[in-house]
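In this note's numbering, the protein residues as written are 132 to 476. The beta-carbon is built from N, C-alpha and C at its ideal position, and this holds for glycine as well. Just so it is clear, the structure is predicted and the values come from calculations on it, not from any experiment.
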C-alpha cells in the first residue's frame, strides 16, 4: 500500500493548494519528533579505516535500516503504535474514515517492512568504554563533531529529493507513545481541515472510498489527499520505530540522522558484507565536517595518534584547531570490562 502510494505521489500533477497541503502534512508529521535542546557536538565511534572514509567522503555512511545490527530494534515500539491505533479518536468524519482504513492496513504491512530509511548514529557520550567495545572493539577513534544546528542538510543532491533530520533516540516507551499519538493527531487534523479542497479533488475524478478491506487501492481510483495523509501517518510510525530503543541501551545516549527518499538513490548505495549503506554529503553547500576533538583508543595509542594527525592534514584540516587525545580507558578486548565500569559509574 505505502510503496504504491509513494509511486502515485511521485507522478501526480501539482497545484498550489495541494502542494501547500503536502507541506503542512509533512511539517505536522515531523513536529513531535523535532530536535530539542540539541547538543553543540555529537560523537561517532569507528575504526581507523572508517575515520579515513569519513574524511574522504565528508559524511558518515547511513545504514539501510533493514541491515541494522539488531533486527529486533525496529519492533521496540510496535505495541505502542498498536495501542494508539486502537484508542485514537480522529477529529472529524473525513479523518475518521481515513484513520479506519489506515488502522486496517498498517498491521499487515508496517512501513519499516516496505520502505527503506537510512540511519547515521551518533552519541553525546564521549570516550565511553562500552561504546568502544560496541563499535571499535579492536581499537579506533571517537570523532567529536560540531552539530551545525542552524544548518539544514542539503535538500537536493544531483537532483535528488532528500529528507533528512536529526532525532534524539527515545528510551522511554511512554514518551514514544506520546510522540506517535501527537504525530497521528497532527496529520489527521490537517487532513480534516483540508476537507473542502479534498472534495474538489473528488469531483475531478478522485474517490474518497479508495481502499478495500485489505487496505489496498480498489478499482484504480485515487484520492491524492488521502494517499498523502496515509503516507504521512505511516511515516509517523516509522520515525517512532527508528528513533526508539529499549531502556537497556540508554547508556548509549544516541542521536540519529534519519533519511527518507522519494527518489531512487540506488546509485549512491554501497554494499559491504551483509550491510547496505547510503553515501551522501551530510552538510549543505559542499561545506566540510567540523571536528572539535578526536579521541584515540587501542592497543598502542602512541602509534595511532600520529596516523590520525597525518590523516587530518592530508584531508586539508588544520590540526591546530582539533584536539587529538588518547582515551582515558586502558585497551581491553573484554566487553565485560565495559559493562563492569558502567555499573560502577
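- Within a 10 Å sphere around the beta-carbon of residue 374 sit 16 or more other beta-carbons, which makes this residue buried.
- Straight across, the Cα-Cα distance linking residue 388 with residue 438 is about 28 Å.
- Taking residue 385 as reference, the option from 188, 174, 310, 440 with the minimal CA-CA separation is 174.
- Residue 162 counts as exposed, since fewer than 16 other beta carbons sit within 10 angstroms of its beta carbon.
- The shortest C-alpha to C-alpha distance from residue 254 to any of 172, 458, 151 is the one to 172.
- The three-state secondary structure of residue 234, taken from DSSP, is helix.
- The three-state reading of DSSP puts residue 385 in strand, counting E and B together.
- Within the model, the alpha-carbon separation for residue 465 versus residue 409 is close to 32 Å.
- If you compare the alpha carbons of 301, 320, 228 with that of residue 380, the shortest gap goes to 301.
- Residue environment analysis places residue 154 among the exposed positions, since fewer than 16 neighbouring C-beta atoms fall within 10 angstroms of its C-beta.
- The residues 267, 271, in chain order, have a CB closer than 7 Å to that of residue 178 in the same chain once the five nearest residues on each side in sequence are set aside.
- With contacts defined by Cβ atoms closer than 7 Å, residue 308 and residue 211 form a contacting pair.
- Secondary structure within the stretch 427-463: the alpha helix (DSSP H) runs of 4 or more consecutive residues, fully enclosed, are 432-445 (chain order).
- Positions of the beta strand (DSSP E) runs, each at least 3 residues long and wholly inside the stretch 150-207, are given as 172-177, 193-195 in order along the chain.
- Here the alpha carbon of residue 159 sits roughly 35 Å from the alpha carbon of residue 273.
- Taking C-alpha positions only, residue 432 is separated from residue 184 by approximately 20 Å.
- If you compare the alpha carbons of 278, 298, 189, 413 with that of residue 448, the shortest gap goes to 189.
- Residue 310 sits in a helix when the DSSP states are folded into three classes.
- Under the three-state reduction of DSSP, residue 399 is assigned to helix.
- One alpha carbon belongs to residue 406, the other to residue 197, and they sit about 9 Å apart.
- When Cβ pairs closer than 8 Å are counted between the two stretches, the stretch 312-321 is seen to touch the stretch 216-223, the count reaching three or more.
- Beta-bridge analysis with DSSP links residue 297 to 388.
- DSSP, read as helix, strand or coil, puts residue 270 in coil.
- The bridge partners DSSP lists for residue 276 are 173, 422.
- Taking all protein chains in view, the Cβ of residue 383 is crowded by 16 or more other Cβ atoms within 10 Å, so the residue is classified as buried.
- Considering only 215, 149, 182, the residue with the shortest C-alpha distance to residue 367 is 215.
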